[in-house]
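Here's the structure we're looking at; comments come further down.
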Amino acid sequence: MSPLLFLLLAALTVASALTVVVHQNPVHSACALVLTLCLLAVFFLGLDAQLVALLQVIVYAGAIVVLFLFVIMLLNLQVEARAMAGTPLVGTAAVGGVALAVLIVTALRRAAPPAGRGVPAGFGETAALARQLFTVYLVPFELTSLLLLVAIVRAVALAKKPS
Amino acid sequence: MTPPLAWYLGLSAVLFAIGVLGVLIRRNVIVIFMAIELMLNAVNLSFVALARSLGSMDGQVIVFFVMTVAAAEAAVGLAIILSMFRNRETTNVDELATLRW
Chain F
83 MSPLLFLLLA
93 ALTVASALTV
103 VVHQNPVHSA
113 CALVLTLCLL
123 AVFFLGLDAQ
133 LVALLQVIVY
143 AGAIVVLFLF
153 VIMLLNLQVE
163 ARAMAGTPLV
173 GTAAVGGVAL
183 AVLIVTALRR
193 AAPPAGRGVP
203 AGFGETAALA
213 RQLFTVYLVP
223 FELTSLLLLV
233 AIVRAVALAK
243 KPS
Chain B
138 MTPPLAWYLG
148 LSAVLFAIGV
158 LGVLIRRNVI
168 VIFMAIELML
178 NAVNLSFVAL
188 ARSLGSMDGQ
198 VIVFFVMTVA
208 AAEAAVGLAI
218 ILSMFRNRET
228 TNVDELATLR
238 W
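In the order they appear, the protein sequences are chains F and B.
Going by the numbering used here, the first residue of the first sequence is number 83, and it counts up by one from there.
Going by the numbering used here, the first residue of the second sequence is number 138, and it counts up by one from there.
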């Protein structure tokens, strides 16, 4: 990825992320979130993370945001009259948000960058990722399946109409 | 020529700050949820960028786990919002303040 392309995509990503946060209509927020997630997938592609980029589009943009849209439609949410908090709080939060960004960026600038080790052969390929996932991270991997099962059961139990 | 690691980390920091901002200023629970997803994704970006820079696959594996947790969180959280809406007919956090001290 060339630096110029990076800057262009970064500007687009920040713009769509801001749209998610400030747009009055939740449906438009969700659509902007899809755009943000797809742009991040492009960054992942540029960073040799092909499988992660694919999963980002399928799982995040495809499944999670559709779940959001589904709930928004189910609740029939309209454009809100008071989507934002009161003006003093918004001002304070905006100043705080900018301060947080400046803080993180300065902290990162001061920290010594990790020594680049170069990219080994086969980096980012599905085989390399799967090898890590099913050897070193086997126990956490199995635990996530348990987590998903528990989440499904709990979500169904919560969303069910009280009988 | 590829962009340096610092650019990716800077973008990640900005996205994270936008997410924090969203949680602070928005009053709709669903939009607050979306802002949380935004923060999770900002962290994912820095994980992937550092994985590339260190030549190690571990960062990408962690991104899988983050995605799984995000999916579980979205499922349970949206179910909670649904049942809350059924009882109170609102998704505005200012009106859902029963537990606030």
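The C-beta atom is built at its ideal place from N, Cα and C for all residues, glycine as well.
Item: Among 224/B, 210/B, 198/B, 197/B, which one has its Cα closest to the Cα of residue 157/F?; Value: 224/B
Item: Starting from the Cα of residue 133/F, find the closest Cα among 236/F, 212/F, 159/F and give me that residue.; Value: 212/F
Item: At 9 Å on the CB atoms, spell out the chain B contacts of residue 186/F, in chain order.; Value: 146, 147, 149, 150, 151, 153, 154
Item: Quick one: any contact between the segment 158-172 of chain B and the segment 181-194 of chain B, if contact means 3 or more CB pairs under 8 Å?; Value: no
Item: Any C-beta of chain F sitting closer than 9 Å to the C-beta of residue 198/B?; Value: yes
Item: Any residues in the segment 214-229 of chain F with a beta carbon nearer than 7 Å to a beta carbon of chain B? Which ones, in chain order?; Value: 214, 215, 219, 222, 226, 229
Item: Give a yes or no on whether the C-beta atoms belonging to residue 187/F and residue 160/B are separated by under 9 Å.; Value: no
Item: At a Cβ threshold of 9 Å, is residue 192/F touching chain B?; Value: no
Item: Can you tell me which of 222/B, 212/B, 175/B puts its alpha carbon nearest to the alpha carbon of residue 235/F?; Value: 212/B
Item: I need the straight-line Cα distance from residue 226/F to residue 169/B, nearest angstrom please.; Value: 24 Å
Item: Using DSSP bridges, identify the partner residues of residue 165/B.; Value: 229/B
Item: So what does DSSP say about residue 190/B, is it helix, strand or coil?; Value: helix
Item: Thinking just about the alpha-carbon of each residue, which of 179/F, 94/F, 215/F is nearest to the one in residue 200/B?; Value: 215/F
Item: Can you find a CB in chain B that lies within less than 9 Å of the CB of residue 153/F?; Value: yes
Item: Please say whether residue 112/F and residue 147/F have beta carbons closer to each other than 9 Å?; Value: yes
Item: Can you tell me where the alpha helix (DSSP H) with residue 105/F in it begins and where it stops?; Value: Per DSSP, residue 105/F belongs to no alpha helix (DSSP H) and is neither H nor E.
Item: When the cut-off is 9 Å and only beta carbons count, does residue 228/B lie next to chain F?; Value: yes
Item: Using C-beta distances below 7 Å, list every residue in its chain close to residue 99/F, excluding the 5 sequence neighbours before and after it, in chain order.; Value: 118
Item: Could you tell me whether the Cβ of residue 128/F comes closer than 9 Å to any Cβ of chain B?; Value: yes
Item: Rounded to a whole number of angstroms, what is the C-alpha to C-alpha distance between residue 106/F and residue 135/F?; Value: 29 Å
Item: Can you find a C-beta in chain B that's less than 9 Å from the C-beta of residue 178/F?; Value: yes
Item: Is it the case that the CB of residue 165/B approaches a heavy atom of the ligand GDP more closely than 8 Å?; Value: The model depicted lacks the ligand GDP and carries no ligand whatsoever.
Item: Could you tell me the alpha carbon to alpha carbon distance between residue 192/F and residue 185/F, rounded to whole angstroms?; Value: 11 Å
Item: Within 9 Å of any Cβ in chain F, is that where the Cβ of residue 235/B sits?; Value: no
Item: Please list, in chain order, the chain B residues whose beta carbon lies closer than 7 Å to that of residue 172/F.; Value: 162
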